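Asker: Going by the UniProt record's numbering, the sequence shown opens with residue 1, and the numbers climb by one from there.
For glycine and all other residues, C-beta sits at the position ideal for the given N, C-alpha and C.
The structure displayed is predicted, hence computed values, not measured ones.
Quick one: this structure, given as structure tokens, is what I'll be asking you about.
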Amino acid sequence: MENVVQATKAMCAACFEVLVSNLKKENTEIPVERLFNDEPQVSTCCPLFVTWTIGPDKDLRGCIGTFDQSSEIGDLLPRYALVSALNDTRFSPITLNEVQHLQVSVSLLTNFTPIQDPLSWEIGRHGIEIEFRMAGRNYSGTYLPEVASEQGWDQSTTLVYLFKKAGYRPNNPNRPPEDIVREVIPNLKVTTYESSKLSMSYAEFLQYIKERTGN
């Protein structure tokens, strides 16, 4: 399908609003139309990821999403804004004291395409989703489009790190990445996708709210 959905400032701001409300233990649910400032795309069904980073170096504080293609952005985004901030098991939950140092990124995932050659995708453009079965165990994982380019990986190296992320431990892991990929290829399914990504800092969020409300 064509890449028609775009991440927006309203979506990023919604993530901050939901997180701050939760951390302040405000029990009132924010109406969707106010949360997204009448953003027209909230009724679009689209998989997405929410990523939280912190500080000038943008250290990762949480990143979780879903490949659910049957639920609306307006339903998924508030949920995963909190899940990624509070329930990413790699990190402690984000606290209220950290909020002023945070950045949030919303990635809307589109153009899912199964590929036959697991190396025939473009660094910086494509995210990859993998599934494979080895020694009676199922493995799966994904990297968003920016991961390989940020790390300076080629296609084979990206796949090997994704195998590891999925929990797969090859025999003799010090072999060249190409050898490990060849070992897994007979059982490997790869799907590429693209994303529309937008980021917002907490300071930018405050400015956005000021401009939106006129206060």
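1. Since Gln103 sits in a beta bridge, which residues does DSSP pair it with?
2. How should Ala203 be labelled, buried or exposed, when 16 other C-beta atoms within 10 angstroms of its C-beta is the threshold for buried?
3. Who does Cys15 pair with in a DSSP beta bridge?
4. Determine the direct distance from the alpha carbon of Leu48 to that of Asn117, and round the result to whole angstroms.
5. Should Arg175 go down as buried or exposed, given a rule of 16 or more other Cβ atoms within 10 Å for buried?
6. Below 8 Å, can you find three or more Cβ-Cβ pairs linking the stretch 116-130 to the stretch 86-103?
7. Whose C-alpha, out of Phe67, Pro93, Asn37 and Val42, is nearest the C-alpha of Arg61?
8. In whole angstroms, what is the alpha-carbon distance linking Ser199 and Tyr143?
9. Is there contact between the stretch 130-137 and the stretch 183-194, where contact requires at least three CB pairs shorter than 8 Å?
10. Cα separation between Glu129 and Gly141?
11. Tell me which residue opens and which closes the beta strand (DSSP E) that Asp154 is part of.
12. Rounded to the nearest angstrom, what separates Gly74 and Thr113 at their Cα positions?
Answerer: On the basis of the data shown:
1. The partner list for Gln103 (beta bridge, DSSP) reads Thr53 and Ser201.
2. By the neighbour-count rule (16 or more Cβ atoms within 10 Å), Ala203 is not buried but exposed.
3. Beta-bridge pairing links Cys15 to no other residue.
4. The residue you asked about is not Asn; residue 117 is Asp in the sequence shown. Separation of Asp117 and Leu48 (C-alpha to C-alpha, rounded to the nearest whole angstrom) is 25 Å.
5. Exposed.
6. Contact between the stretch 116-130 and the stretch 86-103 is absent, because fewer than three Cβ pairs lie under 8 Å.
7. Checked all of Phe67, Pro93, Asn37 and Val42; the closest Cα to Arg61 is Pro93.
8. Distance between the alpha carbons of Ser199 and Tyr143: 18 Å.
9. Contact holds between the stretch 130-137 and the stretch 183-194, because three or more Cβ pairs, one in each stretch, are under 8 Å apart.
10. The straight-line gap separating the alpha-carbon atoms of Glu129 and Gly141 is approximately 6 Å.
11. In the DSSP assignment, Asp154 falls outside any beta strand (DSSP E), carrying neither H nor E.
12. A direct Cα-Cα distance of roughly 25 Å separates Gly74 from Thr113.
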